[in-house]
Structures are given as C-alpha cells and as structure tokens.
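K.L.:
Dropping a structure here in structure tokens format, bear with me for questions.
Numbering (this note's numbering), first residue to last: 22 to 267.
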C-alpha cells in the first residue's frame with residue numbers, strides 16, 4: 022500500500038474527536054486497508070452529507086405534516102447535525118471493522134507462514150532461506166507484503182528481519198512483531214528458532230480459534246432480537262387473526 026498522506030483535514034479532526042480514535046490508530050487502519058487520509062476524508066464527508074440530508078428530509082417531512090411548514094426548518098436543521106454526527110460514527114466504525122477483518126485474515130496467513138518456516142528449518146536450512154521459502158509458498162495479502170518487503174530489503178542490502186519488521190509496521194499484528202524479534206535473535210546469536218516458531222504458531226492458532234468461537238457466539242446472539250421480533254409479527258399478523266376467524 023502507498024504511504025499515508027501526512028495532512029489532517031477538518032473531517033478527520035471531527036472523526037477523531039467524536040469516535041475517540043487517535044491519529045496513530047487511524048493511520049494504522051488506513052495502511053492496513055491500503056487507503057490514504059484523503060480517501061478516508063472524502064468517504065467521511067460523503068457519509069456525513071448523505072445521513073444529514075436523509076435526516077433533514079425525514080424530520081422535515083414529519084414536522085411539516087405535524088406542526089406546519091414554519092417550524093419544519095427549526096426541527097430539520099438540528100436533525101441534520103445529528104445525522105452528520107451519526108455519519109461520522111458509522112464511517113469510523115466501518116473502517117475499524119474492515120481493518121479488524123483484514124487483520125484476522127492476515128493472522129491466518131501468518132500461521133501458515135510459520136508452519137512453512139518450521140518445516141524448512143527442520144531441513145537444516147538457514148533462517149534467510151526459510152523466510153524466502155515461506156514467503157513464496159502461499160498466496161494472499163500477507164504473503165504478498167512479505168515478498169515485496171523482501172525484494173525491497175534485498176535491493177537495499179537489508180535483512181529478512183528488516184523485511185518482517187516492515188510488514189509488521191504495515192499490518193500491525195503483534196504476533197508478527199514477536200516473530201521478527203525471534204528471527205532477529207536467531208540471526209544475531211544463533212538461538213534455536215524452529216521450536217520457538219512452532220510454539221508460537223500453536224499459540225496463534227489457539228488464539229484465532231478462540232476469537233472465532235467468540236465471534237460466532239456474538240453473531241448468534243445478535244440474531245435473537247430479530248428472530249423474536251419476526252415471531253411476534255407473525256403471531257400478530259397471521260396467528261391471532263386466524264384464531265379470531267375460527
């Protein structure tokens with residue numbers, strides 16, 4: 022992804038103030054999604070304008086029907102402000118959720134990456150060779166980022182550790198930073214790496230599995246309300262009239 026633009030527009034200030042996210046967190050999310058601050062600001066303004074217009078039209082129509090046209094403007098304008106603020110919150114929440122989904126997918130790929138590294142290291146390969154083989158063994162966002170970072174570091178005369186650290190800065194995955202630290206220790210001091218990576222991979226998979234289970238439970242709980250509502254509507258519309266007719 023391209024570098025995040027280093028300007029801060031008024032929409033970004035509003036978003037950070039209302040949603041409570043720091044500029045660093047926002048930049049991390051944008052890097053992960055491959056977006057710039059300018060792209061994010063434009064999307065935020067669109068959300069604000071659309072929801073403000075919708076709120077003004079709906080409340081203005083209701084106010085006109087209830088209290089008359091003179092008071093409609095006094096009600097529609099505050100409603101438009103509230104709608105704009107809702108647009109900010111919804112847009113920021115959408116960005117955060119998209120970044121979390123992308124980070125979850127990267128963690129899956131990281132576990133496969135570590136598996137390949139462990140197998141290559143078991144064949145008495147060097148750490149550099151293990152990282153190269155693992156990066157080219159799979160497809161996906163993470164593998165592509167590692168391959169690109171390796172090419173850049175090779176051209177600069179850097180190491181595989183630098184490449185992994187660069188990718189960790191982009192995707193902001195703690196497990197990858199820990200992996201880069203373990204690789205750095207193995208390269209500098211000859212510390213054993215295979216068992217460390219195998220244990221880290223097992224821990225990562227257990228964590229991901231636990232998070233998936235929690236997310237599945239949350240999704241199930243979110244369905245409870247709509248299902249109960251649908252049941253009540255069905256009873257009110259179909260069952261009670263049928264009983265009355267009977």
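The C-beta atom is built at its ideal place from N, Cα and C for all residues, glycine as well.
Alpha carbon to alpha carbon, how far is residue 61 from residue 209? Give it in angstroms, no decimals.
P.N.:
41 Å
K.L.:
Cα separation between residue 183 and residue 234?
P.N.:
34 Å
K.L.:
Among the residues of its own chain, which have a CB less than 8 Å from the CB of residue 185, if the five just before and after it don't count?
P.N.:
152, 167, 170, 197, 200, 201, 204
K.L.:
Would you check if the distance between the CB atom of residue 68 and the CB atom of residue 108 is smaller than 8 Å?
P.N.:
yes
K.L.:
Ignoring anything shorter than 4 residues or poking outside the segment 130–161, list the alpha helix (DSSP H) runs there in chain order.
P.N.:
148–156
K.L.:
Sort 129, 71, 227, 118 by Cα distance to residue 104 and report the nearest one.
P.N.:
Nearest C-alpha to residue 104: 71.
K.L.:
Applying the criterion that 16 or more other CB atoms from any shown protein chain within 10 Å of the CB defines a buried residue, is residue 39 buried or exposed?
P.N.:
Residue confidence is low: residue 39 scores 49 on pLDDT, short of 50, so the model does not pin down where it sits. No coordinate-derived value is stated.
K.L.:
Considering only residues of the segment 177–236, which uninterrupted alpha helix (DSSP H) runs meet the minimum length of 4 residues and lie entirely inside it, listed in chain order?
P.N.:
181–192, 195–210
K.L.:
Could you check whether residue 132 and residue 225 sit closer than 8 Å to each other, using their CB atoms as the reference points?
P.N.:
yes
K.L.:
Could you check if residue 194 is buried or exposed, using at least 16 other CB atoms within 10 Å of its CB as the buried criterion?
P.N.:
buried
K.L.:
If residue 59 sits next to residue 80, beta carbons under 8 Å apart, how far is it from one beta carbon to the other, in whole angstroms?
P.N.:
The distance from the Cβ of residue 59 to that of residue 80 is about 32 Å, inconsistent with a contact at the 8 Å cut-off.
K.L.:
Alpha carbons only, please: which of 78, 130, 47 is nearest the one belonging to residue 160?
P.N.:
Residue 160 has its Cα closest to that of 130, out of 78, 130, 47.
K.L.:
Rounding to the nearest angstrom, what Cα-Cα distance links residue 189 and residue 84 in this structure?
P.N.:
53 Å
K.L.:
Label residue 173 either buried or exposed according to how many other C-beta atoms from any shown protein chain fall within 10 Å of its C-beta, with 16 as the threshold for buried.
P.N.:
exposed
K.L.:
Thinking just about the alpha-carbon of each residue, which of 122, 121, 75, 118 is nearest to the one in residue 99?
P.N.:
75
K.L.:
Relative to the C-alpha of residue 180, which residue among 165, 114, 147, 164 is closest?
P.N.:
Nearest option by C-alpha distance: 147.
K.L.:
Helix, strand or coil, according to DSSP, for residue 72 in the structure here?
P.N.:
helix
K.L.:
Using only the alpha-carbon positions, how far apart do residue 51 and residue 192 sit?
P.N.:
Distance from the CA atom of residue 51 to the CA atom of residue 192, rounded to whole angstroms, is 10 Å.
K.L.:
Could you check if residue 249 is buried or exposed, using at least 16 other CB atoms within 10 Å of its CB as the buried criterion?
P.N.:
The residue in question, residue 249, is exposed, as its Cβ has fewer than 16 Cβ neighbours within 10 Å.
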